[in-house]
Amino acid sequence: MAGPNLGEGVARNLATMILLSATICVVAVLAFQVQDAVRSHRETAESVLVDYSGLAGRELIRGFAPALGYYGVSPLLRMFRDQTWPELPEPPRLTDLDLSAINNPTMDPAFSLTFCRFDLSDGAFWMRGTHRRATVAAYAAALPAVDYDEGWPFSLLFGADGTTVLAYRRAAEQRFEGVVLDTGMLVPFFDWVLANRRLIPISRVDGFENARLAVQVLSPYGELYRFGREDGAIAAETPFDYGFKEIRVRIAVDTDSAASLIIGGLPRSRLPLLLVLLTLSLLLVGLTLLQIRREHDLAQRQSDSMASISHELRTPLAQIQMFSETLLLDRVRSPEERHRALEIIHAETRRMGDLVDNVIRFAGTLHGMNRPRLTGVAVRSVLAEQVAHFAPMVGAERFQLIAPETLWLRGDLRFVRRMVRNLIDNALKYGPPGEPIQLGAVRRDGRILLWVEDRGEGVPKAERRRIWRRFERLARHRNAAVAGTGIGLWLVRELARCQNARAWVEDGHAGGARFVLAFAAAETGEAQP
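Take 1 as the starting number for the sequence shown in the UniProt record's numbering and just add one per residue.
Written out as structure tokens, the structure reads:
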């Protein structure tokens, strides 16, 4: 029966592994789909933020261009009105400029202002102010190549040195006039726009302030203005219109502020979480596969053990049947042969009884039915009793008993008997034939140490924990002729555990293995069943 059942178990395990593998594939696909959806959502949200950045840039342009024209450049250009060509008015002092409309900023006294006129027909130019002549000459050389925009009252042309800008207009055919300014004089106008105009108008309800933006204004030759920091932000670059085409504004929206502009904010990447979940899924599947492998190995060992139990039961039964038939058919030739046959029947009956008792104890332990009745147990009495039990089969002379009469342990007598009997049976199976087996006990540190020692090959240290498992045998004995069920030592360990005792194996003093049981000591004995 074991073979087909084991085959069915293998088939079930294989089906389970296939299902688990399919589950992993489904989890991986779902994780990919979720991450792809989050990525797509994030790309859409970032695109919206880029649009908001562009909107803010255009709003800055709409605020800056009129302010510079109405309050800065146009009043200066009106001073040319009463001057015949090519005469120039006296440039005003910076302190005389009326910039109250943009909160009357204080201009740096180091700034310069220069009036100038240009005649492109012959390259002549005239200037009046504090800028260097070479600076104005550079503008005169650059103007012929400029595509002047007639759609705006004036245009801006930046100097290659990055520190000056020419605000100019057409005076007549081939003639231009304007004012050269230091680029730093543009800063108060940008500040005024940021202080008085929301660059993202729809954010009024949401409380989104300009302070949460990073603003950078650029000319072809460098930075004109900067506000805020762009770390971790999403930015868009917008060119100015009309005569300000050389200016570009770059505005970035902080991703932490995205919740004020986008419902739900900027979605965070779920990849780390998905990787953790996928890793956990793989780990759980791996643990499940490992458990399936262990169960398969356990089932294999159980099948082998059941076959061994069947064999061990058949052997004494065959002996009992053979010698009982001999007696029934009166085939014995002497009283000695009759007595010998009865001894064998008796010994095999006891052997079969031990095996059946082990199986019953094994089943009881699996179902939690082994409940100990702890009493005081006389150690030497138990050891001597077990010597007497095995003496008819192997001879009493094989046993060395070293235990004082005064030792008492606290345990269940039934369990202690079974534990010692299993250890002796183990020593007889795996110890050298005819070699002595030592049974001993000693009191140490408030405990009773009871041992059974053989003179066999011993137990390798690497396998000393494994031999206590169910249906487990040493590697060198699995294919040997030595019969064994694989439940004897496991039952010893479990019976020890339910009595608050311990069981372990160590090297024997004379070679071989010493199996030790450690019980709590009892000061006095109690009546034993």
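Glycine is no exception: its CB is placed at the ideal position from the N, C-alpha and C atoms.
If contacts are defined as beta-carbon pairs under 8 angstroms, then methionine 522 and arginine 373 qualify, I think. What distance do you get, rounded to the angstrom?
In the sequence on display, residue 522 carries alanine and not methionine. Contact doesn't hold; Cβ gap of about 13 angstroms is too wide.
Quick one, which of Ala101, Asp330, Met322 and Val146 has its alpha-carbon nearest lysine 245's?
Lysine 245 has its Cα closest to that of Val146, out of Ala101, Asp330, Met322 and Val146.
Hey, out of Phe80, His339 and Val253, whose CA is closest to threonine 114's CA?
Checked all of Phe80, His339 and Val253; the closest Cα to threonine 114 is Phe80.
Tell me whether aspartate 412 is buried or exposed, calling it buried when 16 or more other Cβ atoms sit within 10 Å of its Cβ.
Buried.
From Leu517, Gly511 and Glu506, pick the residue whose C-alpha is nearest to that of cysteine 498; which is it?
Among Leu517, Gly511 and Glu506, the Cα nearest to that of cysteine 498 belongs to Leu517.
Given a cut-off of 7 angstroms on the beta-carbon distance, is the pair valine 285 and leucine 495 in contact?
Not in contact: valine 285 and leucine 495 (Cβ atoms no closer than 7 angstroms).
To the nearest angstrom, report how far apart alanine 138 and leucine 88 are at their CA atoms.
When rounded, the distance between both Cα atoms is 19 angstroms.
Buried or exposed: which applies to valine 416, given that a residue is buried once 16 or more other Cβ atoms fall within 10 Å of its Cβ?
Flag for valine 416 reads buried.
Can you grab the Cα-Cα spacing for the pair serine 100 / phenylalanine 240, in whole Å?
Their backbone Cα atoms lie some 25 angstroms apart in a straight line.
Could you compute how far the alpha carbon of phenylalanine 118 sits from the alpha carbon of valine 253?
Approximately 43 angstroms, taken between the alpha carbons.
Which residues does DSSP list as the beta-bridge partners of glutamate 223?
BP columns for glutamate 223 point to Leu218.
Tell me whether leucine 199 sits in a helix, a strand or coil according to DSSP, three-state version.
Leucine 199: coil per DSSP, three-state reduction.
Kindly list the residues whose CB is nearer than 7 angstroms to the CB of threonine 163, restricted to its own chain and excluding five residues on each side of it in sequence; keep chain order.
The residues are Asp182 and Thr183.
Taking all protein chains shown into account, do 16 or more other C-beta atoms lie within 10 angstroms of the C-beta of arginine 466, making it buried, or fewer, making it exposed?
Exposed.
Could you tell me the boundaries of the beta strand (DSSP E) in which arginine 514 lies?
Taken as a continuous stretch (DSSP letters only), the beta strand (DSSP E) holding arginine 514 covers 513–521.
Which residue from Arg464, Asn426 and Arg470 puts its Cα closest to that of valine 452?
Nearest option by C-alpha distance: Asn426.
Could you tell me which residues DSSP puts in a beta bridge with glutamate 435?
Note: glutamate 435 sits in no beta bridge, so no partner.
Pick from Gly456, Met419 and Ile448: whose alpha carbon is nearest that of glutamate 435?
If we check each option's Cα against that of glutamate 435, Gly456 comes out closest.
Considering only the beta carbon of each residue, do glycine 446 and alanine 513 sit closer than 7 angstroms?
Cβ distance not < 7 angstroms, so glycine 446 and alanine 513 don't count as in contact.
Rounded to whole angstroms, what's the CA-CA distance from alanine 67 to leucine 166? Just pull it up for me.
Cα to Cα, alanine 67 sits roughly 17 angstroms from leucine 166.
Could you spell out where the beta strand (DSSP E) holding arginine 170 opens and where it closes?
Note, arginine 170: beta strand (DSSP E), 164–172.
Near glutamate 506, which residues of its chain fall below 6 angstroms by C-beta distance, leaving aside the five closest residues on each side in sequence?
The answer, listed in chain order, is Arg514.
Mind the definition here: the region 184–199 touches the region 59–73 only if three or more C-beta pairs lie below 8 angstroms; say whether that holds.
Contact between the region 184–199 and the region 59–73 is present, because at least three Cβ pairs lie under 8 angstroms.
How would you label methionine 322, buried or exposed, when you count the other beta carbons within 10 angstroms and need 16 or more for buried?
With fewer than 16 Cβ atoms within 10 Å of its Cβ, methionine 322 is classed as exposed.
Identify, in the order they occur along the chain, each residue of the same chain with its Cβ nearer than 7 angstroms to the Cβ of proline 432, setting aside the five sequence neighbours on each side.
Excluding sequence neighbours, proline 432 sits near Arg455 and Gly456.
Can glycine 57 and isoleucine 251 be called in contact, C-beta distance under 7 angstroms?
In contact: glycine 57 and isoleucine 251 (Cβ atoms closer than 7 angstroms).
Could you tell me the alpha carbon to alpha carbon distance between valine 27 and histidine 296, rounded to whole angstroms?
Going by the C-alpha atoms only, they are around 26 angstroms apart.
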